[in-house]
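Sequences listed follow chains Y and A, in order.
When the letters of the first sequence are read in order and numbered with the working numbering, they come out as residues 1 to 143.
When the letters of the second sequence are read in order and numbered with the working numbering, they come out as residues 1001 to 1750.
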Amino acid sequence: MAATFALRVLPLCLCLALGACALAPPHRGPAAASGRDSAFGGPSDGDAEPGSVTGENSASQALLVRSRAEQAAGQYEQAEASVERALRIAPNDAALWLALGEVKLAAGDTEQAGLMARKALTLAGRDEGLRAKAEHLIASARR
Amino acid sequence: MAALALVGYIAYLSITVSREFEARRWDLPAQIYATPLELYSGRHLGQAELTSELRRLGYRDDTGVAGSRAPAPGHYRRLPSALELTTRKFDYAGETQASEQVKIAFSGGAISAVDGSTGHALPLLRLDPLHIGSIFPARGEDRLILEPDEIPPLLIETLKAVEDRRFDEHHGVDLRAMLRAAFVDLTHGEIRQGGSTLTQQLVRSYFLSNKRSWERKLREALMAVALELRYPKQELMTAYINEVYLAQDGIRAIHGFGLASQFYFGKPLEELDVNELALLVAEVRGPSYYNPRAHPQRALDRRNLVLDEMAQQGLIDRQTASAAEARGLGLLPADGRVASYYAAFLDLVRRQLYFEYPPDTLERKGLTVLTTLDPAVQSAAEAGLKDELAELDAERGRPNVELEGAVIVTNPQSAEVLAVVGSRKSRFDGFNRALDAKRPVGSLIKPVVYLAALQSKRYTLASLIDDSPISVPLHDGTEWRPDNFSGQAHGPVPLVRALAESFNMATVRLGLDVGIDSVARLLVKLGLKREPPHYPSLLLGAVNLTPYQIAQIYNTLANGGFRAPLRAVRAIVDSDGKTLQRYPLTIAEAADPADVYAVNQALVQVMERGTGRTARKLIPASLTAAGKTGTSNDLRDSWFAGFTNDRLIVTWVGNDANRATGLTGAAGASKVWAEVLNRIDAQPYNVPPPSGIDRAWIDYLSGLVTDPDCPNAVELPVPTGQEPPTARSCGSTKTVIVPALRSWFRRAMQ
C-alpha cells in the first residue's frame, strides 16, 4: 500500500525538487488568427455574454421587462410571446431562456419550465448567479 | 299560369343571386404574413438594406421631395447615415401597433439609434409584416376583403363615373345606358362606356360564363334588380369592389381592389396615388386585354382615359389629371412579391395548417396567419441557389445533366423556418424539393454516428479509431467492404479527424462498435419521425430523407441537443383580431448537451480542416461555423448542412432524374451554402461549453495530448473525468511532463 503510494508520489516530489516543472494548466491560445487552432472560438469560458452588443441587449431587455409585467398580470401567452421575440434578437442569452422557463412555470407547464432551465444552464457559462437560478427553477419544476 | 311561372322564376333567380351574394360576402380567404422586421440599435442592417426592405413593403421613397409636413404612413426619406420613416399602423397577434414617425441612424453597417417622434430612444421598433399570400379556395379566386371605411371615396366616385353614371339612381338596370351602348356598338364597333350597371357586373361575376346570349343578359338584369331590392347601395358597391376580377397571376385569379392594389403596386389601396387608382379602374373593363404587364401601352391609354373622365366629372382637377397622365404605370417589377414567389414556403405553411384546420376554415373565415418567413433571408436563399447553380453549370459545361437544388434556412434556437426554396427557378410552384425530394443523405448521417459514440461514454473526440479496410457480413450472406472516398486508408486516427475528413472505414467501424440500433434510435431522438431500417449501410447514409427532415435533425444539433419541432406558423388570428391559436416554442432534451457540444466542435473542425474547408474559405474569417458535407453513391446527391449561432442552412444539389452530377457535397452544395450565408446576417458559432467539459489540446493527426504551440494542435472538449490519452511530444519537454504529472497526481489522489 505504502509502497504503491510512494511509487506514485516520488516522481512528483522529484520533479518538484528538480524544479523542472511548471504546473500550469493547458494554455488556452487565442483563436485561429494567431495560427493556433482553438475550437473554442469566441469569448473564452463563456464569461462574456455570447452575441451581446449594447443595442441588442437593450432591445431584448425591454422585451424582458415587458414579459415580466405581462406575467405578473397573468397574461402568460403574451409573456411567452415577448420572451420568444427577445430570443429572436439574442438567441444565446441564458437569462432569456431562464425567463421563458419562469413564464412556463407560472402558466403551469412544469415540464417545459424544467427544460427551458436546462437549456439556460447550457448557455450560462460561469455566471454562478444565473446557474443558481436555473437550478432553482429545475427544482421548482419537479415539485 | 304564365304569370305565375314568371313570378316563380323571378323568385328563384332572386334566391339564387342572394345566396351567392351572402356566400361571397363571407368568403374570406386566410391572409398570410411574413415575420415583421424588427429594428433596434445594434442590429446589423445598413441604410441600403433597410431601404430595400421598405421598398419590399411598398413604402414610398420621398427623398428629395419637397414638403415639411408630417409624411403619411408608408413613406420614408433618406438622409446622410439616417432614415426618417412613418410606419403603418397594424395589428399583430392581438396587439395594435400605431403608426409612428421615427428616425433611424446608421453607423458602420448597423443601426446605431432608433428615435421616436419626440426624440426619445425606442429600444425596439416593429414594422408591419409583409403580406405573402393567402389560402384561397380551389376554384382559384383570391381576394383581400376591404371594409367600407377602408375604401377611398375617390374609388367609388371613379367607378361610378367610368362604369355606371347613374348607379345611385337606377334600380339595377340602366336602360338608357343599355340602349346607348347598343347604339354605339352598332355604329362604332367600340364601346366607351359599357351598358351594364355595376350591379349587373356583380351578378355576372358570380356566374362565370362565356356565353353572351340574350337569355343570359335577361337573367343578369333580373338578378340585378333582385339584388337592388334586397340590399342597400352601399353594400352592393362594397361587394363589387371586393369581387370584381382585376388580374391573373398564374393559377390565381385576383379579385377585388384590395388585393389588386397589393398585386400591382405592393401597397394597401388607401396609399395609392390618383394615377395608380385610375389604372385599377381601367382594369375592370378587361383584365387580360388591358393587362399592364403584357400590354403596357394599352393599359396606359385606358388609364389616361379614366383620368380624363375623372377630371371631366370634377372628381379631380385638371392639373392633377394632367400630372397623373404624365406618369408611368408605376407597377411592381414582374417578379416582385407575387404569391408564387413564396410558393415553397407557403406550401409548408399549408401542410402545417391543414393538419389541424379544415380547408373550409382556412379558405373562408377571414383568418390571419402569422408566419416565420424572413423575406430577406428567403431572397438571399433563392438568389444564392440560383447564382451558384448557374456558376456550376458554367464550370462544368455539361448541360445534359441538369442541376436542381433546394435550400432551407432555420433559426436553430427558436426552430423557426426562415426560408424554403424548392427549386432553382424562383416563382416556381411545382415540385417542392425542399419538402419532398427524398434522397440518400450519405455522409450527412455521420455526426449522428459520432454522437452515438460519444454518448456511449467509451469514446471522446480524441479517442483513436482505426481507419482501415473493414468487411461487414450482411444478412444475405454477402460481404460489404466500404471504401474511403479517396481510396486511402489512414490507420488509427482521432474521432475528430475521422469525422472532419469523413472517413468511411473508420465511421463504419465506429458505428458497428456502438451499434446500428443506437444510431437509428438517436436519429429519432434528434427529430426523424420514423426509425430507419437497421442496415449497416445506414452508417454511411444509405437512407432517403428530404432536406426538411435533415433540417429538423441538424436543428437539434445546432441548438445544443434540444429537439424542437420546426415551425412555419407562429400564430393564427381570427377576423376580429383575437388570437385563435399560438404555436409556442416547445423543446425536449434529445441528447446530453455536453456530447452535442463536442460533436458540434468536431463539425467546426469539418470547416477548419476537413471536407468543409472550401466553404469555410468562402465566408468571412470571423464567421465560425459548424457543418457537414454529404455525398451519395456515384455522386448523385450533393448535400451540405451547416450552422452558426442563429442560422442553420441545409442545401441539396442534384438532378431530378437521379443522374450523376459529378459533384461532391464540397464541390456543389457547400458552395450554395456559403453563397446563401454570405448574403444574410449571421452571428458566428461561439456557444460557451456546458458544464462537465474540460478542454484539452490534442494533436489532430495522432489524437494525443499536445502543446498548443505544436503544429496540428487542436483544442477540443473532453468530458470531465474521462482519461485524456497519453502525452506526445513535438519537441517541448513541457508537453511530456505536465500532462503526465497531472495523470499521476490525479491517480495518487484517488
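For every residue, glycine included, the Cβ atom is placed at its ideal position computed from N, Cα and C.
All figures in this text were calculated on a predicted structure; none of them were measured in a lab.
Name the DSSP beta bridge partners of Trp-1639(A), please?
-> Here residue 1639(A) corresponds to residue number 639 of the second sequence, with the count starting at 1. DSSP lists Gly-1630(A) and Trp-1652(A) as partners of Trp-1639(A).
Below-8 Å beta-carbon distance, Leu-87(Y) vs any chain A residue = For the purposes of this step, residue 87(Y) is taken as the residue at position 87 of the first sequence. Closer than 8 Å: yes.
Rounded C-alpha distance that separates Ser-979(A) from Asp-1374(A) = Only positions 1001 to 1750 of chain A appear in this structure, which leaves residue 979(A) out of reach.
Quick one: what does DSSP say Ser-140(Y) is sitting in, helix, strand or coil?
-> The sequence position of residue 140(Y) within the first sequence is 140, counting from 1. In the structure shown, Ser-140(Y) sits in a helix (DSSP, three-state: H, G or I).
When we look at the beta-carbon of His-1534(A) and count the other beta-carbons within 10 Å, is it buried (16 or more) or exposed?
-> Here residue 1534(A) refers to the residue found at position 534 of the second sequence. Classification for His-1534(A): exposed.
Looking only at C-alpha atoms, which of Gly-1627(A), Phe-1021(A), Val-1281(A) and Leu-1198(A) sits nearest to Arg-1613(A)?
-> Within the second sequence, the letter at position 613 stands for residue 1613(A). Arg-1613(A) has its Cα closest to that of Gly-1627(A), out of Gly-1627(A), Phe-1021(A), Val-1281(A) and Leu-1198(A).
Return the first residue and the last residue of the beta strand (DSSP E) that Ser-1107(A) is part of.
-> Stepping through the second sequence from its first residue, residue 1107(A) is reached at position 107. Here the beta strand (DSSP E) through Ser-1107(A) covers 1101 to 1107.
Measure the Cβ-Cβ separation of Gly-1487(A) and Asp-1466(A) and say whether it is below 8 Å.
-> Within the second sequence, the letter at position 487 stands for residue 1487(A). Within the second sequence, the letter at position 466 stands for residue 1466(A). No, the Cβ-Cβ distance between Gly-1487(A) and Asp-1466(A) is not below 8 Å.
Cα-Cα separation, Tyr-1040(A) to Lys-1457(A) | Counting from 1 along the second sequence, the entry for residue 1040(A) is found at position 40. Counting from 1 along the second sequence, the entry for residue 1457(A) is found at position 457. Approximately 44 Å, taken between the alpha carbons.
From Leu-1635(A), Tyr-1597(A), Val-1599(A) and Gly-1642(A), pick the residue whose C-alpha is nearest to that of Arg-1616(A); which is it?
-> For the purposes of this step, residue 1616(A) is identified with residue 616 of the second sequence, where counting begins at 1. Checking every option, the nearest Cα to that of Arg-1616(A) belongs to Gly-1642(A).
Inspect the beta-carbon positions of Val-1569(A) and Val-1401(A) and report whether they are closer than 8 Å.
-> One-based indexing of the second sequence puts residue 1569(A) at position 569. One-based indexing of the second sequence puts residue 1401(A) at position 401. Not closer than 8 Å, so no.
Using a Cβ-Cβ cut-off of less than 8 Å, list which residues of the segment 58 to 77 of chain Y approach chain B; keep chain order.
-> Protein chains Y and A are contained in the structure displayed, whereas chain B is not.
Excluding sequence positions up to five away, which residues of its chain have a Cβ less than 6 Å from the Cβ of Thr-1368(A)?
-> The sequence position of residue 1368(A) within the second sequence is 368, counting from 1. Excluding positions up to five away in sequence, the list reads Gln-1031 and Val-1573.
Go through the segment 1510 to 1556 of chain A residue by residue and report every complete run of the alpha helix (DSSP H) that reaches 4 residues or more, in order.
-> 1516 to 1526
Sufficient close CB pairs (3 or more, under 8 Å) joining the segment 1434 to 1452 of chain A to the segment 1542 to 1555 of chain A = yes
Quick one: is Thr-122(Y) near chain A, going by C-beta distance under 8 Å?
-> Here residue 122(Y) is taken as the residue at index 122 of the first sequence, counted from 1. Closer than 8 Å to some Cβ of chain A, the Cβ of Thr-122(Y) qualifies, so yes.
Flag this pair as yes or no: are the beta carbons of Leu-1495(A) and Ser-1463(A) separated by less than 8 Å?
-> For the purposes of this step, residue 1495(A) is taken as residue 495 along the second sequence, with counting starting at 1. For the purposes of this step, residue 1463(A) is taken as residue 463 along the second sequence, with counting starting at 1. A contact, by the Cβ cut-off of 8 Å.
Hey, would you say Leu-1403(A) sits closer than 8 Å to Leu-1418(A), going by beta carbons?
-> Taking the first residue of the second sequence as 1, we reach residue 1403(A) at position 403. Taking the first residue of the second sequence as 1, we reach residue 1418(A) at position 418. Going by C-beta atoms, Leu-1403(A) is not nearer than 8 Å to Leu-1418(A).
Is the segment 1404 to 1418 of chain A touching the segment 79 to 94 of chain Y, taking contact as three or more C-beta pairs under 8 Å?
-> yes
Could you work out which residues of chain Y lie near Tyr-1033(A), taking near to mean beta carbons separated by less than 9 Å?
-> Here residue 1033(A) is taken as the residue at index 33 of the second sequence, counted from 1. Per Cβ cutoff of 9 Å: no residues; Tyr-1033(A) is ~15 Å from chain Y at best.
Alpha-carbon spacing of Gly-29(Y) relative to Pro-1711(A), whole angstroms = Residue mapping note: residue 29(Y) aligns to position 29 of the first sequence, counting from 1. Residue mapping note: residue 1711(A) aligns to position 711 of the second sequence, counting from 1. Residue placement at Gly-29(Y) is flagged as unreliable, the pLDDT there being 33, under the threshold of 50; a coordinate-derived value is accordingly withheld.
Which of the three DSSP states, helix, strand or coil, is assigned to Tyr-965(A)?
-> There is simply no residue 965(A) to check, as chain A begins at 1001 and stops at 1750 in what is shown.
Identify every residue that forms a DSSP beta bridge with Pro-1494(A).
-> To locate residue 1494(A), count along the second sequence from 1; it is residue 494. For Pro-1494(A), which the question treats as bridged, DSSP gives the partners Leu-1464(A).
Buried or exposed: where does Gln-1605(A) fall if 16 or more other Cβ atoms within 10 Å of its Cβ makes it buried?
-> Looking up residue 1605(A) in the second sequence gives position 605. With 16 or more other Cβ atoms within 10 Å, it is buried.
If Glu-1243(A) and Gly-1256(A) are in contact, beta carbons under 8 Å, what's the gap, nearest whole angstrom?
-> In the second sequence, residue 1243(A) corresponds to position 243, counting from 1. In the second sequence, residue 1256(A) corresponds to position 256, counting from 1. Correct: roughly 6 Å between the Cβ atoms.
Which of the three DSSP states, helix, strand or coil, is assigned to Lys-1365(A)?
-> Walking along the second sequence from the start, residue 1365(A) turns up at place 365. In this structure, Lys-1365(A) counts as strand in the three-state DSSP scheme.
Excluding sequence positions up to five away, which residues of its chain have a Cβ less than 6 Å from the Cβ of Met-1178(A)?
-> Translated into the one-based positions of the second sequence, residue 1178(A) becomes position 178. These residues qualify, in order along the chain: Gly-1195.
Collapsed DSSP secondary structure at Gln-75(Y) in the structure displayed = Mapped onto the first sequence, residue 75(Y) falls at position 75. Residue state, collapsed to three classes: coil.
Contacts around Asp-1634(A), its chain only, beta-carbon distance under 7 Å, and the 5 residues preceding and following it disregarded = The residue you call residue 1634(A) lines up with position 634 of the second sequence. Taken in chain order, the residues that qualify are Ala-1660.
Measure how close the beta-carbons of Gly-114(Y) and Ala-132(Y) come, nearest whole angstrom, since I'm counting them as under 8 Å.
-> The residue labelled residue 114(Y) in the question sits at position 114 within the first sequence. The residue labelled residue 132(Y) in the question sits at position 132 within the first sequence. Actually they are not in contact, since the Cβ atoms of Gly-114(Y) and Ala-132(Y) sit about 16 Å apart, beyond 8 Å.
Any C-beta of chain Y sitting closer than 8 Å to the C-beta of Thr-1631(A)?
-> By 1-based counting over the second sequence, the position of residue 1631(A) is 631. It does not; no Cβ of chain Y falls within 8 Å.
Verify whether the separation of the beta carbon atoms of Ser-60(Y) and Leu-100(Y) is less than 8 Å.
-> Looking up residue 60(Y) in the first sequence gives position 60. Looking up residue 100(Y) in the first sequence gives position 100. No, they are not a contact pair.
Please classify Glu-1309(A): is it buried, with 16 or more other beta-carbons within 10 angstroms of its beta-carbon, or exposed?
-> Within the second sequence, residue 1309(A) is the residue found at index 309, counting from 1. Result: buried.
Please determine, among Val-1306(A), Arg-1180(A) and Ser-1099(A), the residue with the shortest C-alpha to C-alpha distance to Leu-1155(A).
-> Looking up residue 1155(A) in the second sequence gives position 155. Ranking Val-1306(A), Arg-1180(A) and Ser-1099(A) by Cα distance to Leu-1155(A) puts Val-1306(A) first.
What residues from chain A crowd round Ala-106(Y), counting only those whose CB sits closer than 7 Å?
-> For the purposes of this step, residue 106(Y) is identified with residue 106 of the first sequence, where counting begins at 1. None at all; the shortest Cβ gap to chain A is about 14 Å.
Under a three-way DSSP split, which group does Pro-1473(A) fall into?
-> For the purposes of this step, residue 1473(A) is taken as the residue at position 473 of the second sequence. The answer is strand: DSSP assigns Pro-1473(A) an E or B state.
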